[in-house]
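Reading through the structure tokens given below for one structure.
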């Protein structure tokens, strides 16, 4: 998967600590935030020294957009979800990363944002591994999610 | 500016109440959030019945991406800025809209998100009109911002 454009890319240590690896897509490393309160993916473009969205080359921005769509479809397909939140903040972790979060109307932070919400509740390992396996199956091509799904899935 | 693809588009009343009109770009209505704590643009695609980012047709997603870049460059050019935050949440206002917010390391919510932060402090009208005029000059083509600028502008 690795190529010259990835030279010098290293995952920020805080992102590494707070998340679990799901997959490497074409552009992004896909991570699951280790917080059982919110099904929450983090997309990190595997490019060195990026901070802002518009640090990405144009073609990479288009790839990122495609992978955001894919992450949205994946969450919608795999977990209960009333709304998706997408954000690139980077106030704490400098390395460019995009959050894609499945929200429920009764979740712990609703209707506020998940960022800045009280400390993470780490998954129990079995639940985390099960969710990662479910996400990874799609991410590696097995049982691929449709690219587009109805918004409010009832099958979660 | 209006065309058939805009049929049925109406700005959400809460967005209308909380913001000031800046411009209509090709896809989006550009609004300034009426909160003097944060220089904060809101981009609303002028399409009816959109909720999620991926409700947008593919070509419109690419346009939105371009307009997010443009809003980032505009803020960076016109206001002091250490970091830009970009987000599409929609937990409160259902209509698809994208926030582009200029953050400072000493602003009222730093390093947390602006969403869910305590009530807005409305601009004094003169300051608001001055900022809108500054933004509008770029937005309508006069003194157009470079499409790409260094991240930490010192000339704000």
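Chains as they are written, first to last, in the numbering used here: chain A, 1075 to 1230; chain B, 1075 to 1230. Idealized CB from N, CA, C, for every residue including glycine.
Could you list which residues in chain A have their beta carbon closer than 9 Å to that of residue i, in chain order?
| i | result |
| --- | --- |
| residue 1162(B) | 1158, 1159, 1160, 1161 |
Return no unless some Cβ of chain A is closer than 8 Å to the Cβ of residue i.
| i | result |
| --- | --- |
| residue 1146(B) | yes |
| residue 1193(B) | no |
| residue 1169(B) | no |
| residue 1135(B) | yes |
| residue 1180(B) | no |
Within 8 Å (strictly less), CB to CB, does residue i reach chain B?
| i | result |
| --- | --- |
| residue 1200(A) | no |
| residue 1128(A) | yes |
| residue 1139(A) | yes |
For residue i, which residues in the same chain have their Cβ closer than 8 Å to its Cβ, ignoring the five residues on either side in sequence?
| i | result |
| --- | --- |
| residue 1088(B) | 1166, 1167 |
| residue 1208(B) | 1152 |
| residue 1093(B) | 1105, 1106, 1107, 1108, 1116 |
| residue 1124(B) | 1130, 1169, 1170 |
| residue 1210(A) | 1096, 1097 |
Quick one: Cα of residue i to Cα of residue j, how far?
| i | j | result |
| --- | --- | --- |
| residue 1083(B) | residue 1201(A) | 43 Å |
| residue 1204(A) | residue 1154(A) | 15 Å |
| residue 1130(B) | residue 1118(B) | 11 Å |
| residue 1196(A) | residue 1098(B) | 44 Å |
| residue 1164(A) | residue 1180(B) | 15 Å |
| residue 1184(B) | residue 1190(A) | 10 Å |
| residue 1120(B) | residue 1080(B) | 6 Å |
| residue 1086(B) | residue 1078(A) | 46 Å |
| residue 1102(A) | residue 1096(A) | 11 Å |
| residue 1192(B) | residue 1136(A) | 35 Å |
| residue 1142(A) | residue 1134(B) | 15 Å |
| residue 1182(B) | residue 1145(B) | 22 Å |
| residue 1100(B) | residue 1122(B) | 15 Å |
| residue 1132(B) | residue 1132(A) | 16 Å |
| residue 1138(B) | residue 1198(B) | 30 Å |
| residue 1127(B) | residue 1178(B) | 27 Å |
| residue 1140(A) | residue 1091(A) | 26 Å |
| residue 1162(B) | residue 1162(A) | 9 Å |
| residue 1172(B) | residue 1172(A) | 14 Å |
At 8 Å on the CB atoms, spell out the chain B contacts of residue i, in chain order.
| i | result |
| --- | --- |
| residue 1184(A) | 1165 |
| residue 1177(A) | 1165 |
Taking 6 Å as the limit between beta carbons, can you name the residues of its chain near residue i, skipping five residues before and five after?
| i | result |
| --- | --- |
| residue 1175(A) | 1112, 1114, 1159, 1188 |
| residue 1194(A) | 1109 |
Whose Cβ in chain B lies nearer than 7 Å to the Cβ of residue i?
| i | result |
| --- | --- |
| residue 1187(A) | 1163, 1187, 1189, 1190 |
In chain order, what residues of the same chain lie with their CB nearer than 7 Å to the CB of residue i, ignoring the 5 residues before and after it?
| i | result |
| --- | --- |
| residue 1149(B) | 1113, 1115, 1155, 1158, 1174, 1176 |
| residue 1206(B) | 1094, 1096, 1106 |
| residue 1186(A) | none |
Ranges of the beta strand (DSSP E) found wholly within the segment 1102-1136 of chain B, counting only runs of at least 3
1102-1107, 1114-1119
Report the start-end ranges of each beta strand (DSSP E) in the segment 1170-1206 of chain A that is 3 residues or longer and not cut off at the edges.
1172-1177
Going along the chain, which unbroken runs of the beta strand (DSSP E) with 3 or more residues stay wholly within the segment 1134-1169 of chain B?
1157-1162
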